[in-house]
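A.B. asks: First residue of the sequence shown? That's 2 in our numbering, and the numbers climb one at a time after it.
Note that the Cβ used here is the ideal one computed from N, Cα and C, for glycine as well.
Being a predicted model, the structure only gives us computed values, none of them experimental.
First the structure, which I've put down as structure tokens, then a few questions once you've had a look.
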Amino acid sequence: MKQLFLLTIALLLAWMARGQIVAPTPALPTDNQSVTIVFDATQGTAGLKDYTGDVYAHIGVITDQSTSSSNWKYVVADWGVNVPKAKMIRIGSNKYQIVLDPNIRDFFSVPASEKILKVAMVFRSGDKVNGALLEGKDTGGKDIFVDVYQSGLNLVIQKPSNNQVLQQGTAFQTVAVASVAANLDLYLNSQKMISIPSSTQLSYTFNPGPGNYWIRVSATASGQTVSDSVYVHVMGTQVSEPRPSGAIKGINYPDSQSATLVLWAPYKQSVYLLGDFNDWHPSSSNRMKKDGDYYWLTISGLTPGKEYAFQYLVDGSIKIADPYTDKILDPSNDSYITTATYPNLKAYPIGKGEGIVSVLQPGRTKYNWQVTQFTPPAPDSCVIYETLVRDFDTKHTFTGVTDHLDYLKDLKVNVLELMPVNEFEGNSSWGYNPSFYFATDKYYGPADDLKKLVDQCHKRGIAVVLDMVLNHSYGQSPFVKLYFDGTNPTSQNPWYNVKSNFQNPDAQWGYDFNHDSPATRELVDSIASYWMSEFKVDGFRYDFTKGFSNNIKSNTTDPWGSQYDAQRIYNLERMAGQVRKRKPGALVIFEHLSDNPEEKELAESGNGILLWANANYNCSEAAMGYHDGGKSDFSWASYSARTWNVPAAVGYMESHDEERLAYQCVTYGNSSVSYNIKDSTTAYKRAALTAALFLPIPGPKMIWQFEEVGYDYSINSGGGRLNEKPVRWDYVDKPARTYLFRVMAKLIYLKKKYPIFRTTDFSYSLAAEQKWLKLNLNGENVLIVGNFGVSAATVNLQFQRTGSWHEYFTDATLEVSNVAQNLVV
């Protein structure tokens, strides 16, 4: 094939002036040199373009002790902290510089024993603009790096980048730089193209036809030769061909030795499949075929049961993992996952993949389900146990939770609600920073361990609900990265809004899903379908469902989006209906917490929607012994207090978002001369007293992990509410704590076993110090009374009937000859 080559010898500085976000001087710095780094604010994400205030470098180094490219060392200052050493000097319009003086090693105070590999940086505004710092990052929102070299002869090809994909007919330039004058030789696919004697720079422009090209440059000086090489692919004609029948988005397995990959990518021009099966290089053979807005490719000859890592290269610059993958590899976090947590975890393809990569595995062994059919409990009899895998067992694994299922069975709960377990950013997290919606987070163990947990729950009559975060995603999500300008999703993004619909910055997390978009609705439905079919889960608790609308929420009139929103109601009812269409009887729970008219409409929609009913403050006040102004009235946990016609309020005294009752009691409890709630034993009894009036209120209830043993660490202990909390299984051996456990277990037993605890004929008085609850059904009656003061009191009770009343906890009998009774409590 004849090819046109055009030779040019150019000054390096002229090239640097075009398209570089940073330019170091010298071009190949060593750790013992003073280095000037020039930042062009118009390049990369351009987040600081035309900004007129002070600009600072958030700057550190990557050393041989770093575990990944995100593990910066010797950072000059914490994020957002302005220090003179990191202040950029303005040298022109949108141009800034910083001098690492007297040399890189001393500037960062790096010990001589540690090898410096890169200088890492992100640039930011000195002050917030509209509540946030402006950022200057590399294209795609990436961190910026400058390589640091060892003394002596060094050579680097600075242009083109490795694995670059070029359009046919596009001339491209090769630029190489040597640290000292050397004889430079340029090769194209082993053919020498040019030699430059005694020079530190080489530039060569050529325009080849479609194909694959290795470009290698060598430098020879003083008898030493070093070289660098890059791979370049020039595109041919796009192949258009219909997808195989039945191939859906993501990874499909036609048989045990092949996989069909399907990516939906409107507005994109080319997609290449890079992976272990093609040495991660783009070529004509792994360019994906086009079918409308879909790109697809079938790869064959794979080994059954073997795992293969892969990514998509989109439009020559965007590298993403498959959005529908059920497993990822993470270069920043996998090294912290032990073999005990995840045995035989596949190694990350260092030097080949970029960022998170996905994994496919044809012919994998399927999990052997022991319970193939399971019916979740009716919503009004649900007693839900909310747990965070990370803080429930010291192993922080699905297996660790499974080990304690008999404990939950003894507690009598019938629903286990897991805080998010799909892949989220980092390892130790609450999980509300999701990134991959179809993959289990490896920090909790292999996916089959979660299946076993679900299976073992079902064997014990316990349903499993997953906490699902569909209000937002963060930057690692391929759904975000595929259409992202470095700061926000672009207007072409099918799934996200460019900006959050909440003006209140405290109600903004990550990037905001557009729930009015057909693409988002399809994704939401497919997520639910996947987990219910593949993992046999019994439903979902959806986080911050107030965000499921595109109506703007004013920071002055509706900062938390609590006001009635008809569009949001439509979106939520549609979603709940699709869940229950796929699995009749599935549990659908919303963390909504809006004004009552909207919650009433959702509850009564006929879609089986349950809604969180937060009674933490009032229950805490009751337990602590404070009642002025009705502050201890927890009747709002009852659907009847909300005028709902269905028992859809999931009342809870504690949740992951609330302070612990036991902690409140031992820290702030009331007291009298002979009675002190701050005493721990008394505090646990107060928790039991509150549970005795709270749990029997008709309707579903929820318990937060270890609430049943009086866990009394503050939500903010350990450095903050999101931080890890001590796992205290030793509490189950403490008599004062097991008293609380036994009371709650007996109450849950009653609630599940006897229909009267699901009656619609009930009344209560829960505002004063002496509280009572009455239940009636088919001639049966229950009366619960409790003294929430700090001294004995006489309460005038109206029993529902005369006769013998059985006292449940003491097995005593009370003869009632007159329904009006004075009772000392």
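Once the 5 residues before and after Ser-436 are set aside, which same chain residues still bring their CB inside 7 Å of it?
C.D. replies: Result list for Ser-436: Glu-424, Phe-425, Glu-426, Ser-474, Tyr-475, Gln-477, Ser-478, in chain order.
A.B. asks: Return yes when the Cβ of Lys-119 is within less than 7 Å of the Cβ of Asp-148, no when it is not.
C.D. replies: For Asp-148 and Lys-119, yes; Cβs fall inside 7 Å.
A.B. asks: Using the C-alpha atoms, what's the distance from Thr-521 back to Phe-375?
C.D. replies: Whole-angstrom Cα-Cα distance: 29 Å.
A.B. asks: Return the CA-CA distance between Thr-691 and Asn-597, expressed in angstroms with no decimal places.
C.D. replies: Each residue's alpha carbon lies about 25 Å from the other.
A.B. asks: What residues match up with Leu-662 in a beta bridge as DSSP calls it?
C.D. replies: For Leu-662, which the question treats as bridged, DSSP gives no partner whatsoever.
A.B. asks: Would Lys-353 and Ile-749 be called neighbours here (beta carbons separated by less than 7 Å)?
C.D. replies: Cβ distance not < 7 Å, so Lys-353 and Ile-749 don't count as in contact.
A.B. asks: Going straight from the alpha carbon of Gly-61 to that of Thr-53, what length do you get?
C.D. replies: Looking at the two C-alpha atoms, the distance is approximately 25 Å.
A.B. asks: Our contact map puts Met-236 next to Gln-169 with C-beta atoms below 8 Å; I'd like the distance itself, whole angstroms only.
C.D. replies: That belief holds up - the Cβ atoms of Met-236 and Gln-169 are roughly 6 Å apart, short of 8 Å.
A.B. asks: Between Ala-448, Thr-441, Asp-486, which has its C-alpha nearest Met-469's C-alpha?
C.D. replies: It is Thr-441.
A.B. asks: Is it a yes or a no for the stretch 563 to 570 touching the stretch 594 to 611, going by three-plus beta-carbon pairs under 8 Å?
C.D. replies: Verdict: yes, contact present.
A.B. asks: Should Asn-287 go down as buried or exposed, given a rule of 16 or more other Cβ atoms within 10 Å for buried?
C.D. replies: It is buried - the Cβ of Asn-287 has at least 16 other Cβ atoms within 10 Å.
A.B. asks: Locate the beta strand (DSSP E) running through Lys-193, then write down its first and last residues.
C.D. replies: It spans 192 to 208 - the beta strand (DSSP E) in which Lys-193 sits, taken as one unbroken run.
A.B. asks: Could you tell me the distance, in whole angstroms, from the CA atom of Asp-144 to the CA atom of Tyr-205?
C.D. replies: The straight-line gap from Cα to Cα measures roughly 29 Å.
A.B. asks: Give me, in chain order, the residues of the same chain whose beta-carbon lies closer than 6 Å to that of Val-358; leave out the 5 immediate sequence neighbours on both sides.
C.D. replies: The answer, listed in chain order, is Ala-310, Gln-312, Ala-322, Leu-330.
A.B. asks: Glu-308 and Val-360 - do their beta-carbons sit closer together than 7 Å?
C.D. replies: Against a cut-off of 7 Å, the Cβ pair of Glu-308 and Val-360 comes out as a contact.
A.B. asks: Does Lys-726 get closer than 7 Å to chain C when you measure Cβ to Cβ?
C.D. replies: In the structure shown, chain C does not exist; there is a single protein chain.
A.B. asks: Are the beta-carbon atoms belonging to Ala-420 and Leu-454 less than 7 Å from one another?
C.D. replies: Note that residue 420 is Met in the sequence shown here, rather than Ala. No, these two residues do not count as a Cβ contact at 7 Å.
A.B. asks: Does the contact criterion of 3 or more C-beta pairs under 8 Å hold for the stretch 774 to 791 versus the stretch 713 to 732?
C.D. replies: With the cut-off at 8 Å, the stretch 774 to 791 and the stretch 713 to 732 do not touch.
A.B. asks: With DSSP collapsed to three states, give me the class of Val-402.
C.D. replies: If DSSP states are grouped into helix, strand and coil, Val-402 belongs with the helices.
A.B. asks: So what does Tyr-343 bridge to, in DSSP terms?
C.D. replies: Beta-bridge pairing links Tyr-343 to no other residue.
A.B. asks: Straight-line CA distance for Asn-671 to Lys-679?
C.D. replies: Going from the Cα of Asn-671 to the Cα of Lys-679 covers about 7 Å.
A.B. asks: Can you name the residues that DSSP bridges to Leu-303?
C.D. replies: Leu-303 is not bridged to any residue.
A.B. asks: With distances taken between CB atoms, is the gap from Thr-64 to Ile-117 smaller than 7 Å?
C.D. replies: Yes, Cβ-Cβ distance for Thr-64 and Ile-117 is below 7 Å.
A.B. asks: Can you tell me where the alpha helix (DSSP H) with Leu-101 in it begins and where it stops?
C.D. replies: First-last for Leu-101: 96 to 101, but that is the beta strand (DSSP E), not the alpha helix (DSSP H).
A.B. asks: Tell me the DSSP secondary structure of Gln-174 in three-state form.
C.D. replies: Residue state, collapsed to three classes: strand.
A.B. asks: Given this structure, state the Cα-to-Cα distance separating Val-130 from Asn-489, to the nearest angstrom.
C.D. replies: Each residue's alpha carbon lies about 15 Å from the other.
A.B. asks: When the Cα of Leu-573 is compared with those of Asn-472, Leu-467, Gly-302, Val-422, which residue comes out closest?
C.D. replies: For Leu-573, the nearest C-alpha among the options comes from Asn-472.
A.B. asks: Would you identify the three-state DSSP class for Met-745, choosing helix, strand or coil?
C.D. replies: Looking at Met-745 - three-state DSSP - the assignment turns out to be helix.
A.B. asks: Which runs of the alpha helix (DSSP H) at least 4 residues long sit entirely within the stretch 414 to 480? Give them in chain order.
C.D. replies: Correct list: 448 to 460.
A.B. asks: In angstroms with no decimal places, state the Cα-to-Cα distance between Pro-112 and Arg-106.
C.D. replies: If you take the alpha carbons of Pro-112 and Arg-106, they lie about 8 Å apart.
A.B. asks: Counting pairs of Cβ atoms below 8 Å between the stretch 250 to 266 and the stretch 214 to 226, do you hit three or more?
C.D. replies: Not touching, per the Cβ criterion.
A.B. asks: If we ignore side chains and look at the alpha-carbon of each, how far apart do Ser-555 and Ala-133 end up?
C.D. replies: Those two C-alpha atoms are separated by around 18 Å.
A.B. asks: Excluding sequence positions up to five away, which residues of its chain have a Cβ less than 7 Å from the Cβ of Tyr-669?
C.D. replies: For Tyr-669, where only same-chain residues beyond five positions count, the Cβ hits under 7 Å are Met-625.
A.B. asks: What are the start and end residues of the beta strand (DSSP E) that includes Val-499?
C.D. replies: Neither: Val-499 is in no beta strand (DSSP E) and is coded neither H nor E.
A.B. asks: Report the rounded CA-to-CA distance for Gly-790 versus Glu-770, giving the unit in angstroms.
C.D. replies: Between Gly-790 and Glu-770, the C-alpha separation is close to 5 Å.
A.B. asks: Could you give the DSSP three-state label for Ile-757: helix, strand or coil?
C.D. replies: Three-state result, Ile-757: helix.
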